[in-house]
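Novice: These protein sequence lines are chains A and B, in that order.
Each residue of the first sequence is one higher than the one before, counting from 0 in numbering that gives the first Met the number 0.
Each residue of the second sequence is one higher than the one before, counting from 0 in numbering that gives the first Met the number 0.
We treat Cβ as the ideally placed atom computed from N, Cα and C, and that holds for glycine.
There are 2 protein chains.
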Amino acid sequence: MARGGRYTAAMDWLDQIKWDAQGLVPVIAQEVGSGDLLMFAFMNREALARTVELGEAVYYSRSRQRLWRKGEASGHIQRVHEVRMDCDNDAVLLKVEQLGATPGIACHTGRHSCFFQRLESDGWKSVDPVLKDPQSIYK
Amino acid sequence: MARGGRYTAAMDWLDQIKWDAQGLVPVIAQEVGSGDLLMFAFMNREALARTVELGEAVYYSRSRQRLWRKGEASGHIQRVHEVRMDCDNDAVLLKVEQLGATPGIACHTGRHSCFFQRLESDGWKSVDPVLKDPQSIYK
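(1) Which stretch, first to last residue, makes up the beta strand (DSSP E) that contains valine 79 of chain B?
(2) Classify isoleucine 136 of chain A as helix, strand or coil using the three-state DSSP reduction.
(3) What are the residues in the segment 101-131 of chain B lying within 8 Å of chain A by C-beta distance?
(4) Does the beta-carbon of glutamate 55 of chain A have 16 or more other beta-carbons within 10 angstroms, so that it is buried, or is it exposed?
(5) Does the Cβ of glutamate 30 of chain A have 16 or more other Cβ atoms within 10 Å, making it buried, or fewer, making it exposed?
(6) On the DSSP bridge assignment, give the partners of valine 36 of chain A in chain order.
(7) Is the segment 93-109 of chain A in contact with the segment 27-42 of chain A, if contact means three or more CB pairs nearer than 8 Å?
(8) Looking at chain D, which residues of the segment 69-92 of chain A have a Cβ within less than 9 Å of any of its Cβ atoms?
(9) Over the uninterrupted beta strand (DSSP E) stretch that includes valine 51 of chain B, give me the two end residues.
(10) Alpha carbons only, please: which of A/Ser60, A/Val95, A/Val91 is nearest the one belonging to lysine 17 of chain A?
(11) Roughly how many angstroms lie between the CA atoms of aspartate 14 of chain A and methionine 10 of chain B, to the nearest whole one?
(12) Rounded to the nearest angstrom, what separates leucine 130 of chain B and glycine 32 of chain B at their Cα positions?
(13) Checking the sheet assignment: what are the DSSP bridge partners for glutamine 97 of chain A?
(14) Given a limit of 8 Å on CB to CB distance, which residues of the segment 35-46 of chain A reach chain B?
(15) For a contact defined as C-beta to C-beta under 7 Å, what are the partners of tryptophan 67 of chain B on chain A?
(16) Looking at the strands, I want to know which residues DSSP matches up with tryptophan 67 of chain A.
(17) Using the Cβ count rule (16 or more neighbours within 10 Å means buried), how would you classify tyrosine 137 of chain B?
(18) Mind checking arginine 101 of chain A: buried by the 16 CB within 10 Å criterion, or exposed?
(19) Compute the beta-carbon to beta-carbon distance between histidine 75 of chain A and glutamine 97 of chain A, rounded to the nearest angstrom, for a pair I have assumed lies under 8 Å.
(20) With a threshold of 9 Å between beta-carbons, can glutamine 15 of chain A be considered close to chain B, or not?
(21) Measuring straight from C-alpha to C-alpha, what distance separates tryptophan 67 of chain B and glycine 34 of chain A?
(22) Note down, in chain order, all residues in the segment 16-33 of chain B with a beta-carbon under 8 Å from any beta-carbon belonging to chain A.
(23) If you measure from the beta carbon of valine 95 of chain A to each beta carbon in chain B, is any gap under 9 Å?
(24) Just how far apart, CA to CA, sit glutamate 71 of chain B and phenylalanine 41 of chain A?
(25) Residues in its own chain within less than 8 Å of glycine 109 of chain B by CB, not counting five upstream and five downstream?
(26) Are there 16 or more other CB atoms within 10 angstroms of the CB of valine 126 of chain B, so buried, or fewer, so exposed?
(27) DSSP state of leucine 23 of chain B, grouped into three classes?
(28) Closest by CA to glutamine 64 of chain B, which one among B/Val95, B/Met38, B/Gly22, B/Ser112?
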């Protein structure tokens with residue numbers, strides 16, 4: 000992965016992103032290897048700069064209005080292998096290694112992926128197993 | 000895939016989504032089989048209802064402020080195999096088959112995926128090939 004951080008020339012690459020009215024960009028985390036989609040969140044400019052500097056995902060929590068280093072409470076850190084941007088420059092894709100458990104746990108519910116609800120003919124169903132009790136993750 | 004459309008009981012499943020202030024939800028399209036992330040877009044309630052009814056992706060274009068049936072101009076239709084929702088009920092994942100070309104072309108630039116720009120030490124680089132000239136796609 001490109002680790003530029005504060006040393007990348009004038010942070011020009013951050014200026015190329017079309018930040019929304021709140022200064023955020025949507026970010027998708029996909030697991031390297033499996034290709035599984037792990038989670039969807041937002042980053043502000045500082046979060047993305049920190050992500051690249053650290054090589055670990057740092058998101059912006061809209062509810063808490065602060066940077067949120069993924070795994071800071073759970074230990075479920077995301078090591079970033081690759082950062083991509085879409086054709087409109089308004090969405091970011093992180094290819095990550097989900098650390099802290101095997102298989103990786105990206106979701107606060109203790110599941111592998113946050114996308115565990117599947118639409119069935121009678122509505123949304125939780126179809127993926129809880130790998131670890133959230134109470135033992137966040138203690 | 001669950002095809003409910005107007006027949007799904009009272010469309011309750013649509014009410015469970017946390018639509019944003021503009022009545023939209025972010026949607027990620029992932030290719031079935033390869034696991035490749037194809038694109039990121041938005042849907043409003045009607046777009047998602049239509050998507051499930053048709054079994055083909057229908058997005059909401061924020062710039063054109065109208066429903067946009069993927070492939071309506073290009074023929075690059077997305078057949079929907081599965082619809083998922085995340086733990087916060089505020090993001091949707093479609094598992095799709097990208098029709099109309101082999102390999103599938105999801106991006107208006109003629110590339111497989113919209114996420115073709117990779118962050119390198121000297122900035123964003125287009126790293127994926129154009130599979131078909133956009134001028135011959137949109138004619």
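Specialist: On the basis of the supplied data:
(1) 77-84
(2) Correct three-state label for isoleucine 136 of chain A: helix.
(3) Cys106, His107, Thr108, Arg110, Cys113, Phe114, Phe115, Gln116, Arg117, Leu118, Glu119, Ser120, Asp121, Gly122, Trp123
(4) buried
(5) buried
(6) Reading the sequence as shown, one finds leucine at residue 36 of chain A and not valine. Within the DSSP secondary-structure output, leucine 36 of chain A pairs in a beta bridge with A/Gln29.
(7) yes
(8) Protein chains A and B are contained in the structure displayed, whereas chain D is not.
(9) Looking at the DSSP string, valine 51 of chain B is not in any beta strand (DSSP E); the run it does join, the alpha helix (DSSP H), is 44-53.
(10) A/Val91
(11) 41 Å
(12) 19 Å
(13) Beta-bridge pairing links glutamine 97 of chain A to A/Gln77.
(14) Asp35, Leu36, Met38, Phe39
(15) Near tryptophan 67 of chain B there are no residues of chain A at all, since even the closest Cβ is about 14 Å away, more than 7 Å.
(16) A/Tyr58
(17) exposed
(18) In the sequence as displayed, the identity of residue 101 of chain A is threonine instead of arginine. Exposed, since its Cβ has fewer than 16 Cβ neighbours within 10 Å.
(19) 7 Å
(20) yes
(21) Taking C-alpha positions only, tryptophan 67 of chain B is separated from glycine 34 of chain A by approximately 27 Å.
(22) Pro25, Ile27, Gln29, Ser33
(23) no
(24) Glutamate 71 of chain B and phenylalanine 41 of chain A have their C-alpha atoms spaced approximately 30 Å apart.
(25) Val129, Leu130, Lys131, Asp132, Pro133, Ile136
(26) When all chains shown are included, valine 126 of chain B counts as exposed.
(27) strand
(28) B/Gly22
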